[in-house]
Structure formats: C-alpha cells, structure tokens
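Below: one structure, written as structure tokens.
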Amino acid sequence: MVDEYTLIQRAKDLGYEAEIYSVKSKNFQVKRGEQFYSFNLVDQGYGLRVIKDGRVGFAYSTVLDEGILNLAIESSKASKEDKFNVLPSPEKVNRINLKFFELNEVREKVKEYEGVLGEIRGFANVIAEYYEFTVSEVKVISTEGVDVNEQRSLGSVSVVFNFKRDDFITPEFYEGITVRDLSKLDPQKIVDEARKKGEIFKKRTVLDKKVKEAVFTPKAISSLLSPLLSYAVSLENVYRGKSTLKEGEILSEKLNIIDNPNINWAPYSRSFDGEGLPSKETRIVSDGKVTTFLSNTYWANRAGKANTHSSSRFYSSLPVISSSILDIDIAPDAEEDTVVIDQVQGVHTSNFDTGEFSVVGSVAWYNQVAIREVVITGTLKDMLKGIIGGIGKDKEVKGNVYTRSLKVGNINIA
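So the sequence shown is residues 2 to 415, counted in the numbering used here.
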C-alpha cells in the first residue's frame, strides 16, 4: 500500500495532472423501532482523478495502491478531449472549526436524548427514533499543489410518529435536528413540535376552496424549494439551457439568498469544497435580483465565469456543482393567516428544467386545525417571485436551508 503523496508523484511522473479526494469516517448509530439496533461503522475511501491532454479518468477504492492509478489512467482513454478539463491551482483556505465532539462522548448523550424524546411516547405513537453521529476526516491533494484536510463532526436526532384519533389516523410526522455542534442539538424542540402537531391534529377538516398563497415552514422549504432552487442555480444547468432562472432578472423584492458554507455548526458547512478550494459565501439573489450562479472549476472555465468554489463530491464520484447552505432572508413582516404547509411529498416528480411542480402537502393546517392532504402546484420562478415575507424573527436550519417560515403567493392549493 502506498500513501497519497507517493501515488500523486507517480501520476505526475507519467505526465498526468492528478488529484486524490479521500474520506475516513467513524460512525455510531442507534435505531429504536419495533426492534433495537446499534451500529459502530468505519469507512474510508479514495477517489483519484487524472487528466492528460484534456482527457479525464477516474477510479475509486477503499484501498490506496497502484491499481487505482492504473484504473484511472485506463478510464481516461475512453474520455473525449476537452480543454476545460484541468485541475485548479491552490488557494489559501481560511479554516473554520467543524469538529465539536468525539464519538466516545456521544453514547451518554444518546441516553440523554432518549430520555427527553421518551416524553413523546406518552401522547403519540412513536414509529421509530434515529440517532446518528459521525466524525470524519476529508482530504484533497493534487499535483497542482492543493493540499488541504479537515475533521468534521455531524450529529442528528430524529423521530417518526403519528396519532390515533377516534375516526382517523394522522399522517406520519418526521421531526429531527442535524448539526455539527451538539450544543445546538436540543431534543426538547422535537418534543415541543410533536406536542404542537398533536394539538393541531386533534381534528381534521377539508379545504373547501382554492387558495393562492400559503406559509411554508423551514421543513417544507427544505423539501420543496431547496432541490428545485439548487438545480436552477447550477451554472452547468444555466449553460445547458436547463435552468428557469436568468442572470439579472428580478424575483421577490427584498429577497436575499446566499450560499453560505461558513455556518460552522450547520450540516453541509465546509472550509473547502470538493476540489480543495476555499469555501466562500456566494450571493445568488441580492435584493430580489439574480446575481450569481454556482460553479466549479470545469463549468466556470467553460462558461467564462468566476469559480464560486461550489464543488461537492464523495470519494466514489467526480466533482459536481452543489449548494451548501442556502441562507434565505427576507423581512419578517408577514402574518400566519393562511394555509400552513409543513411536509410535502413528490418533489422528485417535478420538472426541474422548467421548475414546474405538483406535490402533495401531507401535513398542513389552517387556523390551527389540520386539513386533509392538499395538492400544491406552481413553478419555482413564480414561487420565488411570490414570496411575501418571513414569519417570525428566528431562522433555523433544516436540511441545507437556513430560513424562517415564508409566506408565498403565486401558487395553487386545492
């Protein structure tokens, strides 16, 4: 077995640009459902990208040896020559702290979290509880001088539950928190949210009219808006004509959206991207105007745009463009006086090229009374233009969005 530096030098001696992206992780999981599971997992892997004469090759393995280099070189022979296939030069990385705990600390924490979440079993039917904690080391080195690494911690607690009422069983609710810093993980918030849902779903009614606006909670925004928006702001999709957004167009007035990987306690934060380039905040929408699309080295070169260092990957894949944490901000000047959407289903059926969607609001309510499943239709662009304002002062991270609840018009709910 050879180390990364030896293999990189070997590739360079053969006339290749080369890059190794490696991940080493330790993971502790607990699942409580009909049965109890506890796992201790260790994973490591190496992804090797080689480039010569504009031809790119790639291979990955859990073992680093000459074989992975041979496979990468062999695969490059099937690649088409493309002058934009190059590795980036190194840039200074401003490190943020992303490791907040060791795995040996979390076992007692799990017992503490289980004790708090056990309160939910007193008023709801708990289907499953999940506890997962990971400490990983990510490293990127290349023949061009990139040499960065950092350790990252990640912890999550979640619960799935429903309520049995006299004449109906509610939908399944999913509530969870994922953070890098366990001091930000308060399981009592999950209990409080579950109790709130229990009160709302004491009875259920039918929405007997069509409405054109709704309040989307951070969880619903993460499920619906985030995947559509992340697709639309990729420079690759813009270049290919597959995005519904255009640079310079105006969306909702006073809306700001920043891709911000520097919120260190949030999941998807990072000091550097998948190519080892320093993370930086990218203002996608500024005062309602679309200003910047996210890019990596290849698509920045091909489109003649600045590289926003938005490359994401795992060791088993080549770099792709991806948002990190979408920080959505608009003035909190709206009232929760309409339908509230908390969970959606079916986003994968949307037309991502046009931004059109038709999804089910599986958890929704009006005037604090649950309503039966509603169908929500619209387009990404209309939804962004229809953002009226925020609800409340506090923002929260759900998935890869950092936002408060948003009141949105320009949609159809029935």
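No residue lacks a Cβ here, since even glycine has one placed at the ideal position from N, Cα and C. Source: prediction; values computed, not measured.
According to DSSP, simplified to helix, strand and coil, what is residue i?
{"i": "E106", "result": "helix"}
{"i": "T339", "result": "coil"}
{"i": "L70", "result": "helix"}
{"i": "E357", "result": "strand"}
{"i": "G119", "result": "helix"}
{"i": "G199", "result": "helix"}
{"i": "N238", "result": "helix"}
{"i": "L229", "result": "helix"}
{"i": "R11", "result": "helix"}
{"i": "I331", "result": "coil"}
{"i": "V326", "result": "According to the sequence as given, residue 326 is Ile; it is not Val. Three-state DSSP puts I326 in coil, outside helix and strand."}
{"i": "A125", "result": "coil"}
{"i": "R303", "result": "helix"}
{"i": "K81", "result": "coil"}
{"i": "D193", "result": "helix"}
{"i": "S253", "result": "coil"}
{"i": "E214", "result": "coil"}
{"i": "K247", "result": "coil"}
{"i": "E145", "result": "coil"}
{"i": "T298", "result": "helix"}
{"i": "V111", "result": "helix"}
{"i": "V348", "result": "helix"}
{"i": "K185", "result": "helix"}
{"i": "Y6", "result": "helix"}
{"i": "S76", "result": "helix"}
{"i": "I392", "result": "strand"}
{"i": "S137", "result": "strand"}
{"i": "V376", "result": "strand"}
{"i": "I259", "result": "strand"}
{"i": "A365", "result": "strand"}
{"i": "E276", "result": "coil"}
{"i": "I170", "result": "strand"}
{"i": "V87", "result": "coil"}
{"i": "Y269", "result": "coil"}
{"i": "K399", "result": "strand"}
{"i": "T309", "result": "coil"}
{"i": "L208", "result": "coil"}
Hey, could you find the ends of the beta strand (DSSP E) residue i is sitting in?
{"i": "N411", "result": "First-last for N411: undefined, no H or E at that position."}
{"i": "R96", "result": "R96 -> no beta strand (DSSP E), and no H or E assigned at all."}
{"i": "I372", "result": "370-372"}
{"i": "I178", "result": "174-180"}
{"i": "K53", "result": "37-53"}
{"i": "G156", "result": "148-163"}
{"i": "T283", "result": "283-287"}
{"i": "F315", "result": "Looking at the DSSP string, F315 is not in any beta strand (DSSP E), and its letter there is neither H nor E."}
{"i": "A60", "result": "56-62"}
Below 7 angstroms between beta carbons: does that hold for residue i and residue j?
{"i": "S311", "j": "I329", "result": "no"}
{"i": "P320", "j": "N297", "result": "yes"}
{"i": "N411", "j": "G387", "result": "yes"}
{"i": "A221", "j": "I342", "result": "yes"}
{"i": "F162", "j": "I128", "result": "yes"}
{"i": "F29", "j": "F202", "result": "no"}
{"i": "S223", "j": "K399", "result": "yes"}
{"i": "K243", "j": "D354", "result": "yes"}
{"i": "S313", "j": "G275", "result": "yes"}
{"i": "E82", "j": "G55", "result": "yes"}
{"i": "S317", "j": "E151", "result": "no"}
{"i": "E200", "j": "E176", "result": "no"}
{"i": "I326", "j": "N265", "result": "no"}
{"i": "P228", "j": "V360", "result": "no"}
{"i": "T309", "j": "T283", "result": "yes"}
{"i": "S253", "j": "G289", "result": "yes"}
{"i": "V141", "j": "V149", "result": "yes"}
{"i": "K27", "j": "L104", "result": "yes"}
{"i": "D154", "j": "F101", "result": "The sequence given here has Ser at residue 154, not Asp. Yes, these two residues count as a Cβ contact at 7 angstroms."}
{"i": "Y22", "j": "G58", "result": "no"}
{"i": "V216", "j": "E120", "result": "no"}
Alpha helix (DSSP H) containing residue i: first to last residue?
{"i": "K27", "result": "Premise fails: K27 lies in the beta strand (DSSP E), 18-33, not in any alpha helix (DSSP H)."}
{"i": "D383", "result": "381-386"}
{"i": "I222", "result": "219-224"}
So residue i and residue j are in contact, right, with Cβ under 8 angstroms, and what is the actual spacing, rounded?
{"i": "F315", "j": "V136", "result": "The pair is not a contact, with the Cβ atoms about 16 angstroms apart (cut-off 8 angstroms)."}
{"i": "T179", "j": "P268", "result": "5 angstroms"}
{"i": "V370", "j": "T206", "result": "6 angstroms"}
{"i": "L72", "j": "R11", "result": "14 angstroms between Cβ atoms; not a contact."}
{"i": "V291", "j": "G249", "result": "6 angstroms"}
{"i": "S363", "j": "L295", "result": "With a Cβ gap of about 30 angstroms, S363 and L295 do not count as contacting."}
{"i": "E18", "j": "P279", "result": "20 angstroms between Cβ atoms; not a contact."}
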